[in-house]
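So that you can map any letter, position 456 of the sequence shown is 455 in numbering that gives the first Met the number 0, and since no number is skipped, the others follow by simple counting. We put the CB at the ideal spot given by N, CA and C, even for glycine.
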Amino acid sequence: MTRETHNQDHELEQRVRRIMLLRVFFLTGFVALLLTFQERLGITAPIKPLCMVIGIGFFMSLIYAVLFRFLTLTEMASLQVAGDLLLVGGILFTTGGIDSPISFLFLFVIIASSVMLPRAATYLAASGAIIIYGVLVDLEYFGIITPVYLFPESKVSFASGYVFYVIFLNIVSYYTVAYLSSFLSHRLRIVKEELVRASINLEEQRAFNRNIVQNMGNGLITIDPEGTITSSNPAARALTGYSIEESLRNPIEDLIPLTELKNLFCGDKILDLPKQIEGEYQRKDGRVIFIRIKISHLADLNVPGYILVFEDLTKLKEMQEKVLRTEQLAAVGRFSAGLAHEIRNPLTSLSGSIQVLARGLKLEDSYKKLMEIVMKETDRLNTILSDFLNYTQTKKNNNTIVDLTQLIQDVITLLKNKEDLSSKKQISFKRTTDHLTLNGDEEQIKQVVWNLCINALEAMSQGTLTLSLKEVFSFQSGDFQTIHGGMVLEVQDEGCGIASDQINNIYDPFYSSKKNGVGLGLATVYQIVNRNGGVMDVKSILGKGTLFTVFLPDQESVKVVSLPAH
0 MTRETHNQDH ELEQRVRRIM LLRVFFLTGF VALLLTFQER LGITAPIKPL
50 CMVIGIGFFM SLIYAVLFRF LTLTEMASLQ VAGDLLLVGG ILFTTGGIDS
100 PISFLFLFVI IASSVMLPRA ATYLAASGAI IIYGVLVDLE YFGIITPVYL
150 FPESKVSFAS GYVFYVIFLN IVSYYTVAYL SSFLSHRLRI VKEELVRASI
200 NLEEQRAFNR NIVQNMGNGL ITIDPEGTIT SSNPAARALT GYSIEESLRN
250 PIEDLIPLTE LKNLFCGDKI LDLPKQIEGE YQRKDGRVIF IRIKISHLAD
300 LNVPGYILVF EDLTKLKEMQ EKVLRTEQLA AVGRFSAGLA HEIRNPLTSL
350 SGSIQVLARG LKLEDSYKKL MEIVMKETDR LNTILSDFLN YTQTKKNNNT
400 IVDLTQLIQD VITLLKNKED LSSKKQISFK RTTDHLTLNG DEEQIKQVVW
450 NLCINALEAM SQGTLTLSLK EVFSFQSGDF QTIHGGMVLE VQDEGCGIAS
500 DQINNIYDPF YSSKKNGVGL GLATVYQIVN RNGGVMDVKS ILGKGTLFTV
550 FLPDQESVKV VSLPAH
């Protein structure tokens, strides 16, 4: 709206300036005609009064130019109309009064007012012209003034009807011109305003569309019927890796060398659009992505061409493949869990039978040793099956108030009393207070602490395993963020560390870098932590050790913003 008002003010300013110039041209031309007719026709009447009036007109034009900077446009236009009415009245007086043949000059003033001012002001100007003309006639009729007759006097008596006919004719002509000129100017003004408004709307719409194209997330490329690129938006340049200079005026198959796309624009065949194309695309930097291109006709003022809108589906494709793998693994997991359960039953019977035989038979030492190996491996196999079933079977949480400080101390006591714990390995526990409690499943939390500690001790040949526990009221790690409080457990060892190419696989089931490892310890920990709305983070340096950070939220009112997917 402000822009439209500015355009209207600019238009009015131009009109006022033009009227000022036309006035100067008119006065100058009038002087030139007067001098010409005076010489050729031998006019003997005094022209000094007329020259004085014309001089006043020039002076008024100068005054208008000075006041132009101080008055508003409407005030300036109104002042000029009033001044022009008086100026024309003076010209009529100095050219014969009622006998003057140039009374039509009032019509130009009325037309000028219709150009600069509203319709009501035009009628006021016409009324002013009639008043001034009537005053001149009345003053002349009563003998108060005697006009200067520049042209021969007509000697028409006021008693005749001719004078009243002339007066009536001027009145009708002034109002008629006022009506017509104001009507046409008003209509012209409305049409111009509509055109300006339409132009502004069109420009704003184009800017809006241009802004959408420039800021849309999908890449957009336009091409001509021959397949030559005519434009591209920033998303397209970011997706392909090619700049605007490298893209424009080049064939689309050079930028996106997909076979189906190349075949689409070869030859003069009629395209069946819209059409969708998918395929792998190698960017300028060599990275391969999966893109989908939607092709449609470009309808722009009879300019033929096509629009290509394409998007990067690489992450979506990876998610689909991941979901498919997850479903396949889930099916395999269910089958494996059933199979493990069926193996465990006869394995338990076998283990019990061997133990009975070992106690009831008198065997030689070599056979006793073989019997012990069988029982040991049977127990190991049973442990593996138990871990596997714990990993595959989701248990319902039995949440209680857990004293985490005491729980960790109990785990440390069990670890220190293990037969295979070397004296070169030390265990340290740091905590902020004597008793930190958490609402959670005690058995699952104990399994998390136990598995992490076992894993750390097995990674060390010597050194100190350090556990630390602290309470937090919010937590953030990478994409994970929660406004809920909980406990942060850190387990740091001084072992061999984890290679950077292996660190993303440590939570995968059955993945282990240890010689006799099964690969279910960390996988079980990760599953328990995620199932309870927590998060795990790992930092490792080869040859120096590994730090596991576990956030365990209180289960009373967990409010997680985002949970990272492994």
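Beta-carbon spacing of residue i, residue j below 8 Å
i	j	result
isoleucine 306	threonine 229	no
leucine 254	serine 242	no
aspartate 500	alanine 522	no
glycine 95	tyrosine 148	yes
glutamate 371	leucine 406	no
lysine 283	threonine 239	yes
alanine 234	leucine 219	yes
glycine 485	leucine 451	no
methionine 448	valine 487	Here residue 448 is valine; the residue named in the question, methionine, does not match the sequence. No, these two residues do not count as a Cβ contact at 8 Å.
isoleucine 342	methionine 374	no
threonine 545	glycine 494	yes
glycine 496	leucine 435	no
Given residue i as reference, the closest of the options once Cα atoms are compared
i	options	result
glycine 462	Glu376, Lys543 and Ile290	Lys543
isoleucine 46	Leu32, Leu451 and Thr465	Leu32
glutamine 79	Phe67, Ile90 and Gly89	Phe67
aspartate 433	Arg22, Gly133, Leu168 and Leu403	Leu403
isoleucine 62	Gly89, Val23, Ala124 and Cys50	Val23
alanine 455	Gln491, Leu413 and Gly532	Gln491
isoleucine 101	Asn416, Tyr122 and Val165	Val165
alanine 111	Val171, Glu139, Met318 and Leu179	Leu179
leucine 187	Leu116, Lys367, Ala357 and Lys417	Leu116
lysine 423	Gln408, Leu464 and Leu435	Leu464
Close beta carbons around residue i, own chain, < 7 Å, minus the five adjacent residues each side
i	result
leucine 72	Asp8, Leu11, Glu12 and Val15
isoleucine 502	Val537 and Ser539
glycine 304	Thr221, Ile222, Asp223, Pro224, Thr229 and Leu297
asparagine 169	Ser102 and Tyr132
asparagine 398	Asn438, Gly439, Asp440 and Gln554
Separation of residue j from residue i, as counted between CA atoms
i	j	result
alanine 197	lysine 191	10 Å
isoleucine 276	leucine 270	13 Å
leucine 272	arginine 333	47 Å
methionine 0	glycine 133	Model confidence at methionine 0 stands at a pLDDT of 46, short of 50, so the residue's coordinates are unreliable and nothing is read from them.
glutamine 281	histidine 296	26 Å
tyrosine 161	isoleucine 131	19 Å
leucine 420	alanine 458	12 Å
phenylalanine 167	isoleucine 129	10 Å
glutamate 310	methionine 215	11 Å
valine 401	glycine 359	45 Å
lysine 274	glutamine 213	23 Å
phenylalanine 58	leucine 21	15 Å
valine 136	aspartate 98	10 Å
leucine 315	glycine 278	13 Å
isoleucine 199	phenylalanine 207	12 Å
valine 114	arginine 17	10 Å
glycine 75	valine 87	Before going on, a small fix: residue 75 reads as methionine here, not glycine. Taking the straight line joining both Cα atoms gives about 18 Å.
serine 556	tyrosine 525	The predicted position of serine 556 is uncertain, since its pLDDT is 48 and thus under 50; a value taken from the coordinates is nonetheless stated next. Going by the C-alpha atoms only, they are around 21 Å apart.
lysine 445	isoleucine 211	55 Å
leucine 519	valine 308	46 Å
isoleucine 527	threonine 382	18 Å
lysine 321	alanine 357	50 Å
methionine 318	alanine 330	18 Å
tyrosine 122	leucine 84	13 Å
Cβ neighbours of residue i in the same chain (closer than 6 Å, five flanking residues each side left out)
i	result
alanine 569	A question about residue 569 goes unanswered here, because the residues of the chain that appear run from 0 up to 565.
isoleucine 505	Leu521
leucine 312	Phe289 and Arg291
valine 287	Glu279 and Gln281
serine 350	Thr377
phenylalanine 547	Leu451, Val490 and Val537
arginine 118	Ser181 and His185
Own chain, CB closer than 8 Å to residue i, minus 5 neighbours either side, in chain order
i	result
leucine 49	Leu33, Ile90, Thr93, Thr94, Val147 and Leu149
leucine 26	Ile53, Gly56, Phe57 and Ser60
lysine 261	Glu252
valine 30	Cys50 and Ile53
leucine 263	Leu270, Lys274, Ile276 and Ile294
serine 77	Leu116 and Ala120
glycine 586	With the chain covering only 0 through 565, there is no way to say anything about residue 586.
glutamine 425	Gly462, Thr463 and Leu464
CB contact below 8 Å: residue i versus chain D
i	result
glutamate 441	Here chain D cannot be found, since the structure has a single protein chain.
State whether the segment 176-191 contacts the segment 129-149, with contact taken as three or more CB pairs (one from each stretch) at a distance under 8 Å. no
Counting Cβ pairs closer than 8 Å, one from the segment 99-114 and one from the segment 55-70, do we hit at least three? no
Below 8 Å, can you find three or more Cβ-Cβ pairs linking the segment 464-473 to the segment 429-449? yes
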